[in-house]
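When the count follows full-length UniProt numbering, it moves up by one through the sequence shown with no breaks and lands on 93 for the last residue.
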Amino acid sequence: QIEVIPCKVCGDKSSGVHYGVITCEGCKGFFRRSQSSVTNYQCPRQKNCTVDRVNRNRCQYCRLKKCMELGMSRDAVKFGRMSKKQREKVEDE
Numbered sequence: 001q002i003e004v005i006p007c008k009v010c011g012d013k014s015s016g017v018h019y020g021v022i023t024c025e026g027c028k029g030f031f032r033r034s035q036s037s038v039t040n041y042q043c044p045r046q047k048n049c050t051v052d053r054v055n056r057n058r059c060q061y062c063r064l065k066k067c068m069e070l071g072m073s074r075d076a077v078k079f080g081r082m083s084k085k086q087r088e089k090v091e092d093e
């Protein structure tokens, strides 16, 4: 089941493949909002903040950076459900 795979961005419980990456609902929404508005996030530290379930809301810059590094993209939106073969491929990653 894909539900037991942790979110690749923050490690929380994932809800599926969103924008090309297995993510939770929180990271899916964050990425969507970051793409739909003019964002100019700044990192208050050295641009290497820890992005996990507890700290994911502390630095939007580093969270978005991690989303992009993992390959999240508006172009990677998939419609419909994943086949068993697609799911197995994702789980092996």
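Beta carbons: idealized from backbone N, C-alpha and C, even for Gly.
| query | What does lysine 28 pair with, by DSSP beta-bridge criteria? | reply | None; lysine 28 has no bridge partner.
| message | Less than 7 Å separating the Cβ of asparagine 57 from some heavy atom of the ligand NAP? | response | The ligand NAP is not part of the structure shown, which contains no ligands of any sort.
| task | Take the Cβ of tyrosine 19 as the centre, count every other Cβ of all protein chains shown within 10 Å, and call the residue buried at 16 or more, exposed below. | result | buried
| Can you tell me the Cα-Cα spacing of serine 34 and leucine 64, whole angstroms? | 8 Å
| field | Strand pairing of isoleucine 22, partner residues [DSSP] | value | Val17
| request: If I'm right that cysteine 27 touches valine 9 with Cβ under 8 Å, what's the distance once you round it to whole angstroms? | output: 4 Å
| query | Are cysteine 67 and cysteine 49 close, meaning C-beta to C-beta below 8 Å? | reply | no
| task | Within the same chain, show all residues whose beta-carbon is closer than 6 Å to that of aspartate 52, passing over the 5 residues directly before and after it, in chain order. | result | Cys10 and Gly11
| task | Using a threshold of 8 Å, state whether the C-beta atoms of proline 6 and serine 14 are closer than that. | result | yes
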